[in-house]
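Residues 9 to 260 in the numbering used here are what the sequence shown spells out, letter by letter. Where is the CB? At the ideal position from N, CA and C, for every residue including glycine. What follows is a set of notes on a single structure, which appears directly below.
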Amino acid sequence: MNDRRREALEHEHRPEVIERRLRAPSRLRHMPDAILGGIDGCVTTFAVVSGAFGAGFSSTVALVLGVANLLADGFSMAVSNYEAIQAQREHVEGVRRTENHHIDEVPEGEREEIRQIFRRKGFSGETLDRVVEIICSDREVWVETMVSEEHGLQTVGLSPMRSALATFLAFLVVGAMPLLPYAVPGLDTTRQFLASLAVAGLMFFLIGMGKSLVYHQPVLKSGLRTLLIGGAAAGLAFLTGHLAQALFGVGL
C-alpha cells in the first residue's frame with residue numbers, strides 16, 4: 009500500500025471521522041432499489057420490443073406497448089416495494105412492542121437472553137456481566153439489541169416512499185432507453201430493433217458495472233452477468249412473440 013493510500017485510510021479511521029460517518033445516513037441505502045428498478049425497467053421494455061418485433065408488429069405498436077408497460081409496470085413495482093418496506097417496518101415495530109412487554113413481565117428472562125447472546129460472541133466472566141449490565145440499564149438499547157440480535161431484524165429503517173421513488177425513477181429512466189430508437193423517424197423496423205438491442209445491451213452492461221463499483225465486485229464479470237440475464241429475458245420474449253406469430257398469425 010503506497011503512502012498516499014495509507015494516509016487516506018488512516019484519516020478515514022480517525023475518531024471524529026468515524027463518529028461522523030456512523031451518525032450520517034448511508035448514501036447507498038437506496039442503491040439496491042435503483043439497481044433493481046433499472047434492471048427490471050430495461051428488461052421489461054426491451055422484452056416488449058423483442059416480443060413485438062418477433063410477432064411482426066409495427067414500430068408504432070411496439071412503441072405504444074413499450075410506453076404502456078413502462079408506466080404500468082414501473083408504478084406497480086414501486087408500489088410493491090413501498091408495501092414490502094412498510095410491512096417490514098410494521099413487523100419491526102411489532103417485535104419492539106413484544107420485547108418491551110417481555111421486559112416488563114419477565115425482566116430476568118430477558119436479561120438471560122442478553123447474557124446468552126453475548127456469551128456466544130465470546131464474552132465471559134466479569135466482562136460478560138458488565139456488558140449485560142450496560143445494555144440492560146438502557147431500555148431502548150436493550151430492546152434494539154433484542155430486535156437485531158435475537159430476531160435478526162434491521163433496526164435502521166428504510167423510507168418506503170424514498171425506496172419506491174428510487175425504484176420508479178430508475179425503472180422509467182433506464183427502461184425508456186430501449187424505446188428511444190422507436191421514436192426516431194426514418195428508421196425501418198429492423199434497424200429500430202437492432203438499435204434498441206444495442207442500447208439495451210449497453211444499459212445492462214452499465215448497470216452491472218455500476219453495481220460492481222458500489223458493492224466492490226469485478227467490473228467486467230458483473231457487467232457481463234447482468235448483460236446475459238437481460239439478454240436471456242429479451243431472447244425469451246422474442247421467441248414467444250415469433251412463435252405466437254407463427255402459430256396464430258398474429259401481426260400488424
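**Message:** Within 10 Å of its beta-carbon, does Asp48 have 16 or more other beta-carbons around it, so buried, or fewer, so exposed?
**Reply:** buried
**Request:** Alpha carbon to alpha carbon, how far is Arg29 from Met217? Give it in angstroms, no decimals.
**Result:** 26 Å
**Asked** Can you tell me whether DSSP reads Asp81 as helix, strand or coil?
**Response** helix
**Item:** Cα-Cα separation between Val258 and Gln96, rounded to whole angstroms
**Value:** Only weak support is given to the placement of Val258: the predicted model assigns it a pLDDT of 49, under 50, and the value that follows is read from those uncertain coordinates. Whole-angstrom Cα-Cα distance: 44 Å.
**Asked** To which residues of the same chain is Ala184 closer than 6 Å at the C-beta, ignoring the five residues directly before and after it?
**Response** none
**Message:** Between which residues of its own chain and Phe61 is the CB-CB distance below 6 Å, once the five residues before and five after are set aside?
**Reply:** Phe201
**Asked** Helix, strand or coil: how does DSSP classify Asp41 here?
**Response** helix
**Request:** Classify Lys229 as helix, strand or coil using the three-state DSSP reduction.
**Result:** helix
**Message:** To test your reading of the DSSP string, which unbroken beta strand (DSSP E) runs of 3 or more residues are found completely within the stretch 122-156?
**Reply:** none
**6 Å CB neighbourhood of Ala3 in its chain, flanking five on each side removed** = It is not possible to answer for residue 3, since the shown part of the chain is limited to 9 through 260.
**Request:** Please report the residue range of the alpha helix (DSSP H) in which Ser167 lies.
**Result:** Ser167 -> no alpha helix (DSSP H), and no H or E assigned at all.
**Asked** Quick one: what does DSSP say Arg22 is sitting in, helix, strand or coil?
**Response** coil
**Message:** What does the alpha-carbon distance come out to for the pair Asp11 and His19?
**Reply:** 12 Å
**Request:** State the DSSP-derived secondary structure class of Pro193, mapped to helix, strand or coil.
**Result:** coil
**Message:** Going by DSSP in three states, His109 sits in which element: helix, strand or coil?
**Reply:** helix
**Prompt:** In whole angstroms, what is the alpha-carbon distance linking Glu118 and Asp112?
**Reply:** 9 Å
**Message:** Less than 7 Å between C-beta atoms, sequence neighbours within five positions excluded: which residues of the same chain meet that for Ala77?
**Reply:** In the sequence on display, residue 77 carries Asn and not Ala. Thr52, Thr53 and Val56.
**Prompt:** With distances taken between CB atoms, is the gap from Thr175 to Ala86 smaller than 8 Å?
**Reply:** yes
**Message:** If you reduce the DSSP assignment to three classes, tell me which class Gln96 lands in.
**Reply:** helix
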